[in-house]
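Enquirer: If you're matching positions, the sequence shown starts at 3 in my numbering and goes up one per residue.
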Amino acid sequence: GCIRTSTLDCGSDGFLPLKNVRLPEGSKAFIDQNMSLSQCREICKKNCSCAAYANMDITRGGSGCAYWAVELMDIREYVDAEGGQDLYIRVSASDFGMFLTRTRISFRQEML
3 GCIRTSTLDC
13 GSDGFLPLKN
23 VRLPEGSKAF
33 IDQNMSLSQC
43 REICKKNCSC
53 AAYANMDITR
63 GGSGCAYWAV
73 ELMDIREYVD
83 AEGGQDLYIR
93 VSASDFGMFL
103 TRTRISFRQE
113 ML
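(1) DSSP has G16 in a bridge; who is on the other side?
(2) From the DSSP output, which residues share a beta bridge with V23?
(3) Less than 7 Å separating the beta-carbons of D59 and S51?
(4) Can you tell me whether DSSP reads K47 as helix, strand or coil?
(5) Give me the DSSP bridge partner(s) of A56.
(6) For S51, decide whether its Cβ has a neighbour in chain D, counting only Cβ atoms nearer than 7 Å.
(7) Might you give, ordered along the chain, the residues of its own chain that have their beta carbon closer than 8 Å to the beta carbon of Y80, omitting 5 neighbours on each side?
(8) With a CB to CB cut of under 8 Å and the five nearest residues on each side skipped, what residues in its chain are close to G28?
(9) Round the Cβ separation of I77 and P19 to the nearest angstrom and send it over; I've been treating them as touching at under 8 Å.
(10) Which whole-angstrom value is the C-beta distance of A54 and L74, which I expect to be below 8 Å?
(11) Between R43 and the rest of its own chain, which residues show a CB-CB distance below 8 Å, the 5 nearest in sequence each way excluded?
Structure below.
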């Protein structure tokens, strides 16, 4: 599993998207079927215990909100493009900044 190396600071944390994954164990999720993904993000950001959030239903553009305020268990990346969902995991501001820097460097190298 994964272990955090940086402590979280609720006010400045960001959310790192993990693409095409199986969502964490669902019985521990808070669910609201009427919430948009952006509303879900805001709820999760305000709740310092929230570890991650995702759309509940990915059909027809996505709807609903699921978020986890517990340790995330059993997340798996799908190899093929079908079946997975996007999961947004809370990361510290310093870790989020490092991820963005690496992404920009990788993108520049691909463009050259």
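Positions of the beta carbon are idealized from the N, C-alpha and C atoms, including for glycine.
Expert: So, to answer that:
(1) Partner(s): V93.
(2) For V23, DSSP records a beta bridge to E79, Q87.
(3) Note that the C-beta distance between D59 and S51 is not below 7 Å.
(4) Correct three-state label for K47: helix.
(5) Looking at the DSSP assignment, A56 forms a beta bridge with A68.
(6) As a matter of chain content, chain D is missing from the structure shown, which is built from one protein chain.
(7) When the five nearest sequence neighbours on each side are left out, the beta carbons in the same chain lying within less than 8 Å of the beta carbon of Y80 are those of N22, V23, R24, G86, in order along the chain.
(8) The residues are A68.
(9) That belief does not hold up - the Cβ atoms of I77 and P19 are roughly 13 Å apart, past 8 Å.
(10) Indeed they touch by this definition, with Cβ atoms about 6 Å apart.
(11) Annotation for R43: F17, Y55, Y90 place their beta carbon closer than 8 Å to its own, counting only its chain and skipping 5 residues before and after.
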